[in-house]
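Take a look at the structure below.
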Amino acid sequence: MTDIFGLLRGNPGDPDYKKKGVIVQGITGAYGSLHAKQMIAYGTNIVAGVTPGKGGEKFEGTIPVYNTMQEAVDATNAKISIVFVPAKFFLGAAKDALNAGIKLLVAIPEHVPIRDTMETLELAKQKGAVVIGPNTPGIMIPELIKVGIMPPMPFKAGKIAVLSKSGTLLYEISDALTNSGFGQSITIGIGGDPVNGTRLIDAFEMVKDIPDLDGLVVVGEIGGDSEEILAQRIIDSGFKKPTVAYIAGRAAPKEKRMGHAGAIVMGTYGSAESKVSMFNKANIPVAKRPAEVPVLLAGKMEKSD
Amino acid sequence: MQLLEFQAKELFREYGINLLKSISSTNIEEGRKHAKELGYPFVIKIQVPVGGRGKAGGIQKCQNDDEFELKYPQVMDLTIKGEKARAILLEKMADIKKELYLSLFLNRSKRCYTIIASAEGGVEIESVKNQIIKEVGLGDVSDELAREVAKEMKLEGKTAEQFVDTLKKLSKLTIEKEAELVEINPLAIMQDDSIMALDGKFVTDDNSNFRHPELQKYQEKTAIEEQAEKSGFSLVELDGDIAVVGNGAGLVMSTLDMLSDNGGKPACFLDVGGGATTESVYEALTLISKLDRVKGILVNLYGGIVKTTVVAEAFLKAYENNLIDLPVFSRLKGTESEKAKEMLQGSRTNIFDSVEEAINAAVMGVKK
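Protein chains in written order, with the working numbering: chain F, 5 to 309; chain V, 13 to 380.
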């Protein structure tokens, strides 16, 4: 099982406790540089960047840029990287990172071919690494580390874990949670693609044993069956923390891709009804709208008291 | 993208999968020529990128010229699940002994291709009984596995041989073209025990399009969808009257759900994407202005890295240029939303604090 907190925060006594190094792949591109700056502003310890052909440059005057991930990892010993390269070049960048010893790869690009994602995941498995995404907003421990593209305002440190396929719904729902006094211990963007490096059940395994976890929020959407599988896992594992779900796409027509490559209902496979009914079976209430999530969560907490 | 039957069959033919003789046409003059070439009896099949064609009357037997003249235009005029006919396929009538089901699909949770096969095909996959499910991995289906499936389906002799051959060809096609789903339903056993693909469904992984120029000819997009793609938006046209615009697929889907819950009918799903700029939102409004059925625009934005003021600017520019004269109902939240609200004060944009209020106003607004 992945010790995600060990990777992102470390343990007291580690020389880099609470300041784990992160390498940005594609740091000199428009998107990569914007978000590298935003992450630094949030407090993330960006230790290096990689852009082939730009080795030797300094990003923002201080952060060294390397040509390859091997050089960047050798110089910094970082275990985390975040990828901003165009989708076509994602597979190359991901292999470069995994072969260099990266253990947590956050894959931001949208439109990565499924075959490239699957090849990346095979290699990650061999190397014992975790991939978040592709097409993810990233992962964060609020007020400590952000490896992603989320805006800072919706999030506050706390004790609720939020897992979400969608980026903007993660912001929207975290905002609603924060405003109701529910800070977040961790938020994990699953991504909107058909194949996810960290599936909902994998993310659940990462967070379910957090010692002071008060609750879990799952933000799903139409397409695939990862919500159903998660609901079954929650039933089987006897997980008892208050849990609330939200599913986007109830009104979407069948057989149409709704913005995300993964958001498509084929027959009944991937339908909102199927997901809602499985969550109901797991005794997990499903909010009708984002604003309802904290209300249902508060209700669940009262009952469990 | 889901290919039409005749397009899927073009690919099947290229990979040597057995097919009946068939010809596609887009008008009755062409169709008449094909009818002569094929000879009666044949089947007239509507070409739409959705299932359930048979039930909707989109597949008709045809025995002679009189029937052809009657049925061809009938089938051509059908609309199935909102989809109009793209073409008509005439296909020789088949003498079938039995209908099987066979598909290869990308199994999202197992992260590999998976075979579904059944000796009881011809109905929609949800109703297919005794499904045989085999995970394949990322490579081709092996001879051994194909034989195992044939055996479990209780196929024998020539039929089993041809089934194994078909499955292996289907697997080669799926992997080489990076398809998300390839389905043959029904896969028929003919009177002479041979195997024949009577229908074909093929769903591509659009993200791999750049590696498959050969599939580009099947791309079918409305002018508006094409424009949207160029601008980096996701747009799905729907048949209601309220255009729904937002940033992020999840948020726009969620807005669509809430609008429908409150009695509104969405005219489109428009996700301006994470990197929205004044220009791109202006472009989005230009697209919406071209949709005749739209009576109002519902905007739900959560400004993160994208500032809501950037969006407000686009609206002001659109009003100034008389691009839109529709009422706009909007909820702007996040980065610089207070400033954005000020900017839009007194304009055509009605600003609401909650998405709920914006939706209710939009539903009432378009009824006027």
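Every residue, glycine too, gets a C-beta built ideally from N, C-alpha and C. Since this is a predicted model, take the numbers as computed values, not measurements.
{"Query": "Backbone secondary structure at V:K319 - three-state DSSP", "Result": "coil"}
{"Query": "Residue environment, V:G260, which counts as buried when at least 16 other CB atoms sit within 10 Å", "Result": "buried"}
{"Query": "Sheet register partners of F:I226 (DSSP bridge)", "Result": "Per DSSP, none; premise fails for F:I226."}
{"Query": "Ordered list of beta strand (DSSP E) runs contained in the stretch 171-208 of chain F, each at least 3 residues", "Result": "188-193"}
{"Query": "Interface positions of the stretch 244-261 of chain F facing chain V (Cβ-Cβ less than 9 angstroms), listed along the chain", "Result": "Y250, I251, A252, G253, R254, A255, A256, P257, K258, E259, K260 and R261"}
{"Query": "DSSP beta-bridge partners of V:L31", "Result": "V:A209"}
{"Query": "Buried versus exposed call for V:G358 [16 or more other C-beta atoms within 10 Å across all chains shown]", "Result": "exposed"}
{"Query": "Boundaries of the beta strand (DSSP E) in which V:N362 is found, first to last residue", "Result": "T361 to I363"}
{"Query": "Length-filtered (3 minimum) beta strand (DSSP E) runs lying within the stretch 82-134 of chain F", "Result": "84-87 and 108-111"}
{"Query": "Rounded separation between V:E195 and F:S308 - CA only", "Result": "47 angstroms"}
{"Query": "Three-state secondary structure (DSSP) of V:F18", "Result": "helix"}
{"Query": "Proximity test, Cβ basis, 8 angstroms: F:G196 and chain V", "Result": "yes"}
{"Query": "Nearest residue (CA-CA) to V:L101, options V:Y27, V:R343, V:V306 and V:I56", "Result": "V:I56"}
{"Query": "Span separating the alpha-carbon of F:Y35 from that of V:F54", "Result": "56 angstroms"}
{"Query": "Proximity of F:E64 and F:L95 at Cβ, strictly below 8 angstroms", "Result": "no"}
{"Query": "F:P298 and F:A161 closer than 8 angstroms at C-beta", "Result": "no"}
{"Query": "Selection from V:T91, V:L150 and V:M208 that minimises the alpha carbon distance to V:F175", "Result": "V:M208"}
{"Query": "Supposed contact pair V:T289 and V:V322 - C-beta distance, whole angstroms, cut 8 angstroms", "Result": "6 angstroms"}
{"Query": "CB contact below 8 angstroms: V:D365 versus chain F", "Result": "no"}
{"Query": "Short-range partners of chain F found in the stretch 214-237 of chain V, where Cβ spacing is below 9 angstroms", "Result": "V215, D217, D218, N219, S220, N221, F222 and R223"}
{"Query": "Closest by C-alpha distance to F:A249, when choosing among F:K22, F:I164 and F:V151", "Result": "F:I164"}
{"Query": "V:F281 - containing beta strand (DSSP E), residue span", "Result": "P278 to D283"}
{"Query": "Within chain V, the residues that F:Y175 reaches when beta carbons sit closer than 7 angstroms", "Result": "Y314 and G316"}
{"Query": "Against chain V: residues of the stretch 84-116 of chain F by CB proximity under 9 angstroms", "Result": "A91, K92, E114, H115 and V116"}
{"Query": "Per-residue DSSP class, three states only, for V:R343", "Result": "strand"}
{"Query": "Chain V within 8 angstroms of F:L125, Cβ atoms only", "Result": "yes"}
{"Query": "Beta-carbon proximity list for V:H46, same chain, < 6 angstroms, skipping 5 on both sides", "Result": "I35, S37 and L102"}
{"Query": "Sub-8 angstroms separation of V:E295 and V:S243 beta-carbons", "Result": "yes"}
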